[in-house]
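Colleague: Heads up: the sequence shown begins at 10 in our numbering, then just goes up one per residue.
Can you keep this structure in mind? I'll have questions shortly.
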Amino acid sequence: MIVGSSILCYVAVSEVGGFSGLHNSLKDIDPGMVNLFPADLTFGVTLWIGAFFLGGLGVAGQPQVVSRVMTLKDDKDRKEAAIWFFVWQTPFIALMFIIGLACRAIFLDLDASQAQDGLPLLAMEVLNPFLAGVILASIFAATMSTADSQVLACTAAITDDVRPEWSTDHKTTKTVTLVVAIFATAIALGGQQFPGFGDSVFALVVLAVYGLGGIFVPLLLIRMMGYEPDTEHTVWMMTAALSAVIVWSVSGYGDDIFPSIPAMSAAFATHFILCWRRTESDQNPLGRYSLPTQQTAAVGAVVILVLFGALETTYVMMAPESSEATGDRPYQLTYTVSEWTQSETLNLNDGETQTFQVTIDNTTTAVLSAVLTIAYTDTGETVTAACDDIVTSPDYSGLAGPFSESDDAERSTNACGSITEVGSITPNAALSEYATGPGDYTLNGTEDELVSVLTMLGKSPEMVGNLNMDVSLNANNGNFLGGDSTESVEVTLTLLIFQPSGMTPTG
């Protein structure tokens with residue numbers, strides 16, 4: 010991953026003209042992106058900064074990481090492992106940060122909900138196929154390694170802690186592993202049905218990372234202080250943390266403050282309340298450490314308030330104006346509308362029906378219109394000059410839809426020697442505002458307006474699926490006296506598709 014990330018980072022930065030070009034591109038997109046602080050922080054800069062530290066602590070809540078540390082022999086090995094961790098992790102995070110900025114500069118239509126697509130898209134865009142394949146393979150390898158470790162960690166928790174007698178039964182252990190894997194898959198698939206979590210894999214991963222961090226890190230910290238919570242105390246803290254992550258994420262505040270802040274705050278608040286009100290819990294929440302005196306607490310509060318005031322004052326002085334980061338800068342969007350066709354020649358016998366089928370995948374850009382046509386030449390008749398009848402029956406039920414307009418009526422035509430339209434679709438009538446036919450187009454507007462248009466032009470969800478049309482022949486002179494009983498019919502699907510070129514600042 011380090012080697013692949015280094016190559017990708019170098020190529021991506023070169024693609025945007027080096028670091029100065031990257032800075033200028035980001036500034037053109039949004040001046041706030043090159044400022045140390047974002048504009049209009051809902052909860053202030055102090056919590057925003059604190060969330061980064063608590064978010065980093067969240068790694069201690071990931072079983073696949075903690076289990077590796079727990080298997081080390083002594084403190085010497087643990088210190089050595091920590092050094093190696095930061096030696097590799099620090100440059101990796103820096104590389105990924107730069108790659109993310111390059112993605113933002115290169116893919117102007119990539120919004121926050123598509124963040125998970127940035128790395129593979131960049132690899133395929135700027136690298137040759139071999140190196141792009143290496144990057145994609147490393148992504149999947151890292152993903153599978155993490156998933157495998159998580160499943161095994163869950164299995165170990167069940168077989169070693171919940172039911173220790175199962176740990177010596179190899180068959181039972183394998184069964185538990187299989188059940189855990191099925192359960193995890195069900196969560197991943199089921200999570201897609203919930204707004205806010207089903208929008209992307211990234212959203213589910215964020216929920217898992219912050220959920221685990223909020224659940225385990227506060228427990229680890231109080232255990233390190235010598236406090237030993239019982240089962241009920243522990244469950245209450247874990248439930249509070251997970252609930253806070255879910256509520257915070259669903260409410261949309263996760264865009265302002267990482268959910269690690271409310272999660273850990275909820276867990277610690279629950280811990281202090283239980284110590285105060287619950288008889289079975291130890292009354293000293295700090296374990297082996299005594300509670301601070303009133304004077305010490307007052308001094309600590311003053312220090313925190315001074316730090317808070319300094320940070321907030323700095324933010325007020327250095328943060329960009331909201332008007333600079335609203336996406337109101339003028340841009341020009343360029344795009345082309347061109348024809349995409351797929352044809353097939355059907356050799357029909359009298360009375361025979363064949364099916365013309367086209368599969369349209371989700372990589373297709375926006376479709377302005379779709380038209381089905383047929384063409385054939387009847388040259389085999391000897392007794393009459395009349396053309397054979399061709400019957401067509403389009404079927405759009407295999408496409409995702411819905412459509413603004415569609416024509417799937419059954420038709421019978423004998424117009425040989427010409428091209429006949431036998432079906433049509435207008436997927437989204439709103440697209441007619443941006444084009445009327447094939448050609449090159451430009452559109453001026455603000456960044457936010459054009460990004461919205463660019464997103465719409467970049468996909469055609471209505472047309473994804475299979476388009477079918479049955480074609481039949483009724484020959485008018487298919488007999489032994491002379492004439493033919495077959496026809497070769499060319500069926501064509503023509504799509505007018507948008508091909509966005511990109512956005513450039515105009516002012």
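Beta carbons: idealized from backbone N, C-alpha and C, even for Gly.
Every value quoted in this text rests on a predicted model; they were computed, and no experiment measured them.
Comparing alpha-carbon positions, which option in L459, V25, L228 and Q303 lies nearest I115?
Modeller: V25
Colleague: Looking at I148: is its Cβ nearer than 8 Å to the Cβ of P129?
Modeller: yes
Colleague: If you run the structure through DSSP and keep just helix, strand and coil, what is M478?
Modeller: strand
Colleague: Give me the residue from G296, G199 and S421 with the minimum Cα distance to L229.
Modeller: G296
Colleague: Suppose contacts are defined by Cβ-Cβ distances below 8 Å. Is L221 in contact with G70 by that definition?
Modeller: yes
Colleague: Tell whether a beta-carbon distance below 8 Å holds between T435 and S378.
Modeller: Going by C-beta atoms, T435 is nearer than 8 Å to S378.
Colleague: Any idea if E419 is buried or exposed, counting beta-carbon neighbours within 10 angstroms, 16 or more meaning buried?
Modeller: exposed
Colleague: Considering only the beta carbon of each residue, do I506 and T373 sit closer than 8 Å?
Modeller: yes
Colleague: Please confirm if the segment 59-77 is in contact with the segment 358-374, defined as three or more CB-CB distances below 8 Å between the two stretches.
Modeller: no
Colleague: Does the beta-carbon distance from A438 to S461 come in below 8 Å?
Modeller: no
Colleague: Go ahead and pull the three-state DSSP assignment for L56.
Modeller: helix
Colleague: Under a three-way DSSP split, which group does R113 fall into?
Modeller: helix
Colleague: Along the chain, where does the alpha helix (DSSP H) that runs through V311 open and close?
Modeller: Q303 to M327
Colleague: How many Å lie between Y324 and V54 at the Cα?
Modeller: 7 Å
Colleague: Indicate whether the contact test is met: 3 or more Cβ pairs, each with one atom in the segment 421-435 and one in the segment 396-413, closer than 8 Å.
Modeller: With the cut-off at 8 Å, the segment 421-435 and the segment 396-413 touch.
Colleague: Can you have a look at W97 and say buried or exposed, based on whether 16 or more other CB atoms are within 10 angstroms of its CB?
Modeller: exposed
Colleague: With M234 and A276 assumed to form a contact (beta carbons below 8 Å), what rounded beta-carbon distance in angstroms separates them?
Modeller: Not a contact, Cβ separation roughly 14 Å.
Colleague: With a threshold of 8 Å on Cβ separation, who are the neighbours of E361 within its own chain once the five nearest residues in sequence on each side are excluded?
Modeller: S481 and L482
Colleague: Give the DSSP bridge partners of M512, in chain order.
Modeller: L342
Colleague: Taking only the alpha-carbon atoms, compute the straight-line gap between G487 and N477 and give it to the nearest angstrom.
Modeller: Note that G487 scores a pLDDT of 48, beneath 50, so its modelled location is shaky and nothing firm can be said.
Colleague: Give me the residue from L459, D370 and V188 with the minimum Cα distance to L408.
Modeller: Per the Cα distances, D370.
Colleague: For the putative contact between S14 and L110, defined by C-beta atoms under 8 Å, what is the C-beta separation to the nearest angstrom?
Modeller: Under the criterion of beta carbons closer than 8 Å, S14 and L110 do not qualify as touching, at roughly 14 Å.
Colleague: Could you tell me which of S433, N475 and H242 sits nearest to L504, measuring between CA atoms?
Modeller: S433
Colleague: Ignoring anything shorter than 3 residues or poking outside the segment 190-250, list the beta strand (DSSP E) runs there in chain order.
Modeller: none
Colleague: Can you give me the start and stop residues for the alpha helix (DSSP H) that F277 sits inside?
Modeller: Counting along the chain, F277 sits inside the alpha helix (DSSP H) bounded by residues S269 to R286.
Colleague: Distance check for F94 and V22, CA to CA, integer angstroms please.
Modeller: 26 Å
Colleague: Is it buried or exposed for I383, if we count other Cβ within 10 angstroms and need 16 for buried?
Modeller: Classification for I383: buried.
Colleague: Can you give me the C-alpha to C-alpha distance between L355 and S347, rounded to a whole angstrom?
Modeller: 26 Å
Colleague: Grouping DSSP H, G and I as helix and E and B as strand, with all else coil, what is G487?
Modeller: With a pLDDT of 48 at G487, under the threshold of 50, the modelled position of that residue is not reliable, and the figure given next carries that caveat. G487 falls in the coil class under three-state DSSP.
Colleague: Residues in its own chain within less than 6 Å of T532 by CB, not counting five upstream and five downstream?
Modeller: An answer regarding residue 532 cannot be provided, because it is not within the stretch 10 to 516 covered by the chain.
Colleague: Can the beta-carbon of M512 be found less than 8 Å from the beta-carbon of A375?
Modeller: no
Colleague: Can you say whether I58 is buried or exposed, counting buried as having 16 or more other CB atoms within 10 angstroms of its CB?
Modeller: Burial call: exposed.
Colleague: When the Cα atoms are used, what is the spatial distance from F267 to T279?
Modeller: 20 Å
Colleague: Measuring only the C-alpha atoms, how far is V226 from D37?
Modeller: 40 Å
Colleague: Would L381 pass as a contact of P403 if the rule is Cβ separation under 8 Å?
Modeller: yes
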